[in-house]
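K.L.:
Start counting at 1 in the sequence shown, then tack on 7, and there's your number in the numbering used here. Heads up, the beta-carbon is just placed ideally off N, CA and C, and yes, glycines get one too.
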Amino acid sequence: MKDKRILYVSSEVIPYLPETEISSTSFEAARMVNNIGGQIRIFMPRFGNINERRHQLHEVIRLSGMNMVINDLDMPLIIKVASIPKERMQVYFIDNEDYFKRKATLSDEDGNLFDDNDERAIFFAKGVIETVKKLNWSPDIIHVHGWLAYMLPLYLRNYYGNEPLFKDAKIVTSIYNENFDGTLNEEMRDKILFDGMEKRDLKHLKEPSFVNLAKTAADNSDAVIIGSDDLPENLLDYLKKINKPLLPYKTREEFSQAYQDFYTTKILAE
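(1) If contacts are defined as beta-carbon pairs under 8 Å, then H144 and E185 qualify, I think. What distance do you get, rounded to the angstrom?
(2) Please determine, among F131, T32, R38, D188, the residue with the shortest C-alpha to C-alpha distance to P239.
(3) Residue range of the beta strand (DSSP E) that I43 falls in?
(4) From P92 to Y23, what distance separates their C-alpha atoms?
(5) Compute the beta-carbon to beta-carbon distance between I233 and I148, rounded to the nearest angstrom, for a pair I have assumed lies under 8 Å.
(6) How many angstroms separate the CA atom of L172 from the CA atom of S235?
(7) Please name the residue, chosen from M96, R69, D102, that lies closest to P83 on a Cα-to-Cα basis.
(8) To which residues of the same chain is S71 closer than 6 Å at the C-beta, ignoring the five residues directly before and after it?
(9) Around the C-beta of G168, are 16 or more other C-beta atoms found within 10 angstroms, so that it is buried, or is it exposed?
(10) Could you check if L212 is buried or exposed, using at least 16 other CB atoms within 10 Å of its CB as the buried criterion?
(11) Find the nearest neighbour of K222 within the set F201, P160, V98, Q97, judged by alpha-carbon distance.
(12) Output yes or no for whether 9 Å exceeds the beta carbon distance between L14 and H150.
(13) What separation, rounded to the nearest whole angstrom, lies between the Cα atoms of D125 and D268?
(14) Please identify the residue among Y166, P255, S263 whose C-alpha is closest to the C-alpha of N227.
(15) Using only CA atoms, which one of M96, K206, K133, N56 lies nearest to S114?
(16) Measure the C-alpha to C-alpha separation of E170 and D208 and round it to an integer number of angstroms.
(17) Give the DSSP-derived three-state secondary structure of D102 in the structure shown.
(18) Which of the three DSSP states is assigned to R69 in this structure?
(19) Grab the span of the alpha helix (DSSP H) containing M195 for me, first residue to last.
(20) Give the list of continuous beta strand (DSSP E) stretches no shorter than 3 residues that lie fully inside the segment 154–240.
(21) In angstroms, rounded to a whole number, what distance separates the CA positions of T258 and Q264?
(22) Please identify the residue among F34, L191, E205 whose C-alpha is closest to the C-alpha of L220.
(23) Do P252 and V231 have their C-beta atoms closer together than 9 Å?
(24) Determine whether the beta carbon atoms of L254 and A225 lie at a separation below 9 Å.
(25) Should K210 go down as buried or exposed, given a rule of 16 or more other Cβ atoms within 10 Å for buried?
(26) How big is the Cα-Cα spacing for Y99 and E59?
(27) Applying the criterion that 16 or more other CB atoms from any shown protein chain within 10 Å of the CB defines a buried residue, is S90 buried or exposed?
(28) Roughly how many angstroms separate the alpha carbons of E28 and Y183, rounded to a whole number?
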């Protein structure tokens, strides 16, 4: 893995959000690659409950200032950055006043999903890709964590399919048990179609449930990692049938070597 470039795109990363399966794995995977000589970039949303002063976030003016068109509306993109203490790793934050200022992540205090989570997911995907383009940083692997990031493989394969910077990049999606009740906004597919996608690429998103978001990410990835040991059975069955490299669930004690082997023998070797 020495000198290989890995882009980590996650809905949550410690220490900026509480420790969960996703936030800890996103952090540990990036640290593992960093420690063995790989080059990494980490991206996550700048949720409003992240304490900017405590974590010393600051805006990167040269990367900010673009507008992402979401459902025919121009939404300003703000990029912030912080360094993880003692780790020599930087995290880039995708920010927008309308989408990420609220003092919560994905749902309100009653546990109801935010109605604009579909647009937040689209904005996050496009924002990451456009920022990496500005950095002119061509990754060997793009590793996606968390359903808010599941639109990234779809956009990379279709909307940015001819972008030279990503032409050799392999996409890996880790799928965790983040199942939520109901669906995201039912107009999600129409908002993606506005970007010129083909309906055949959005077949699962007629009903944007967690399982269907995960299927969409897997369809547009080169490989899949099972991040939880208790995925919904219908989703697990689907992942086993799509004929792509699949890494079964690994415990925290097992994952470091297993990820290194999977990266080198199943992804970079393809």
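P.N.:
Well, looking at it:
(1) Here the question's residue 144 lines up with position 137 in the sequence shown. Here the question's residue 185 lines up with position 178 in the sequence shown. Correcting the residue type first, residue 144 is Trp in the shown sequence and not His. That belief does not hold up - the Cβ atoms of W144 and E185 are roughly 28 Å apart, past 8 Å.
(2) Working through the sequence shown from its first residue, we reach residue 239 at position 232. The shortest C-alpha separation from P239 is found at D188.
(3) Indexing the sequence shown from 1 puts residue 43 at position 36. Segment: none, I43 is in no beta strand (DSSP E) and carries neither H nor E.
(4) Sequence index remark: in the sequence shown, residue 92 carries index 85 (1-based). Sequence index remark: in the sequence shown, residue 23 carries index 16 (1-based). Near 11 Å, if we compare the C-alpha coordinates of Y23 and P92.
(5) One-based indexing of the sequence shown puts residue 233 at position 226. One-based indexing of the sequence shown puts residue 148 at position 141. Between I148 and I233 the Cβ distance is about 17 Å, and since that is not below 8 Å, they are no contact.
(6) Numbered from 1 along the sequence shown, position 165 holds the residue referred to as residue 172. Numbered from 1 along the sequence shown, position 228 holds the residue referred to as residue 235. About 31 Å.
(7) Along the sequence shown, one-based indexing puts residue 83 at 76. Cα-wise, what sits closest to P83 is D102.
(8) Here residue 71 is taken as the residue at index 64 of the sequence shown, counted from 1. So the list reads I85, I86, once near-sequence residues are dropped.
(9) The sequence position of residue 168 within the sequence shown is 161, counting from 1. It is exposed - the Cβ of G168 has fewer than 16 other Cβ atoms within 10 Å.
(10) Here residue 212 corresponds to residue number 205 of the sequence shown, with the count starting at 1. When all chains shown are included, L212 counts as buried.
(11) One-based indexing of the sequence shown puts residue 222 at position 215. Here the closest residue by C-alpha is P160.
(12) Counting from one through the sequence shown, the residue named residue 14 turns up at place 7. Counting from one through the sequence shown, the residue named residue 150 turns up at place 143. Yes, these two residues count as a Cβ contact at 9 Å.
(13) Within the sequence shown, the letter at position 118 stands for residue 125. Within the sequence shown, the letter at position 261 stands for residue 268. Between D125 and D268, the C-alpha separation is close to 34 Å.
(14) As a first step, residue 227 must be located in the sequence shown, where it is residue number 220. Taking only the C-alpha atoms, the option nearest N227 is Y166.
(15) Indexing the sequence shown from 1 puts residue 114 at position 107. For S114, the nearest C-alpha among the options comes from N56.
(16) Your numbering for residue 170 matches position 163 in the sequence shown. Your numbering for residue 208 matches position 201 in the sequence shown. When rounded, the distance between both Cα atoms is 18 Å.
(17) Locating residue 102 in the sequence shown gives position 95, where the first residue counts as 1. Strand at D102.
(18) In the sequence shown, residue 69 corresponds to position 62, counting from 1. R69 falls in the coil class under three-state DSSP.
(19) Within the sequence shown, the letter at position 188 stands for residue 195. Segment 195–200, the alpha helix (DSSP H) holding M195.
(20) 177–182, 230–233
(21) In the sequence shown, counting from the first residue as 1, residue 258 sits at position 251. In the sequence shown, counting from the first residue as 1, residue 264 sits at position 257. Going from the Cα of T258 to the Cα of Q264 covers about 11 Å.
(22) Within the sequence shown, numbered from 1, the residue matching residue 220 stands at position 213. The residue with the shortest Cα to Cα distance from L220 is L191.
(23) For the purposes of this step, residue 252 is taken as the residue at position 245 of the sequence shown. For the purposes of this step, residue 231 is taken as the residue at position 224 of the sequence shown. Result yes, Cβ atoms of P252 and V231 sit closer than 9 Å.
(24) Locating residue 254 in the sequence shown gives position 247, where the first residue counts as 1. Locating residue 225 in the sequence shown gives position 218, where the first residue counts as 1. Contact flag unset, no.
(25) Looking up residue 210 in the sequence shown gives position 203. K210 is exposed by the Cβ-count criterion.
(26) Along the sequence shown, read from residue 1 onward, the residue named residue 99 stands at position 92. Along the sequence shown, read from residue 1 onward, the residue named residue 59 stands at position 52. Between Y99 and E59, the C-alpha separation is close to 13 Å.
(27) Position 83 of the sequence shown, counting from 1, holds the residue named residue 90. So S90 ends up on the exposed side.
(28) Against the sequence shown, residue 28 aligns to sequence position 21. Against the sequence shown, residue 183 aligns to sequence position 176. Near 8 Å, if we compare the C-alpha coordinates of Y183 and E28.
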